[in-house]
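A quick write-up on the structure given underneath.
Set out below in structure tokens:
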């Protein structure tokens, strides 16, 4: 019982910026969830075949991978807050533009633009939460953020689909037509705008990221802004993540 109380108390007393970020997660997580569910269906409704949809997904994934290191390095210089807000703004702009285009080159460009923003957000939010929490709170903070993401994804999938279908029915649009998914894209844009507005409440953290960095042994990775103090542990963490991502990349884009 004492251990349980101690665990519950770990969820209390989060820093203000951590709480603000959790609220923003509700909106950004909902938008990201809807994108994962509906974007491929939108491309199919536009008339693109499966191989083309796969290429769009691959281009987005590649763009995200190429964005990860620069996003981390830039956040060390200008602050996590600015990078996260820029990332969400980039995602929102990409979705708003995607709702009005059907040209394949533009779809490739905007999908890559969205992926760059999403990856920048994912890469930077972890150190942001670490820097705005005590060491004895991080397990609870990260578990709460993950739980919020999962609940938000389910709620967004259900409510987003119902809302889009209802609006489409009122406008006389078929449930599988591109117009329905355009409505969902605009709904995602609105959610990202809400997340961006919430993030304006975060304090300016320029300089704090650089001060919080831990010096490590010199290595080639240092040129990329990465400082590794335990290379064996780094590899043990990196390799499973790589294998998981490799498998997920073969499955997730084609689930729907």
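Residue numbers (our numbering): 1 to 256.
Cβ coordinates follow ideal geometry from the N, Cα and C atoms, glycine included.
Model, not experiment: these values are computed from the prediction.
query: Below 8 Å between beta carbons: does that hold for residue 117 and residue 90?
result: yes
message: Restricting to Cα atoms, I'd like to know which of 232, 38, 204, 231 is closest to residue 301.
response: The question about residue 301 has no answer here: the residues shown for the chain are numbered 1 through 256.
Where the alpha helix (DSSP H) through residue 170 begins and ends: 138–171
- request: Run the CB neighbour count on residue 198, radius 10 Å, all protein chains shown included, and call it buried at 16 or more, exposed below.
  value: buried
field: Exposure of residue 219, with buried meaning 16 or more beta-carbon neighbours within 10 Å
entry: With a pLDDT of only 49 at residue 219, under the threshold of 50, the placement of this residue in the model should not be trusted; the figure read from the coordinates follows. So residue 219 ends up on the exposed side.
query: So, helix, strand or coil for residue 72, using DSSP?
result: helix
task: Select from 43, 142, 186, 154 the residue whose C-alpha is nearest the C-alpha of residue 94.
output: 186
query: What separation, rounded to the nearest whole angstrom, lies between the Cα atoms of residue 24 and residue 189?
result: 14 Å
message: Given this structure, state the Cα-to-Cα distance separating residue 236 from residue 63, to the nearest angstrom.
response: 25 Å
- prompt: In chain order, what residues of the same chain lie with their CB nearer than 6 Å to the CB of residue 110, ignoring the 5 residues before and after it?
  reply: 94, 97, 98
- prompt: Nearest to residue 157 by alpha carbon, out of 36, 21, 16, 17?
  reply: 36
- request: Would you identify the three-state DSSP class for residue 131, choosing helix, strand or coil?
  value: helix
- prompt: Can you tell me the Cα-Cα spacing of residue 193 and residue 86, whole angstroms?
  reply: 11 Å
Reference residue 71, options 123, 102, 229, 106, closest by Cα: 123
message: Excluding the 5 residues flanking residue 266 on each side, which residues of the same chain have their C-beta closer than 8 Å to its C-beta?
response: This structure does not reach residue 266, given that the chain is present from 1 up to 256, and the question cannot be answered.
message: Report the CB separation of residue 68 from residue 119 in whole angstroms; it is logged as a contact under 8 Å.
response: 6 Å
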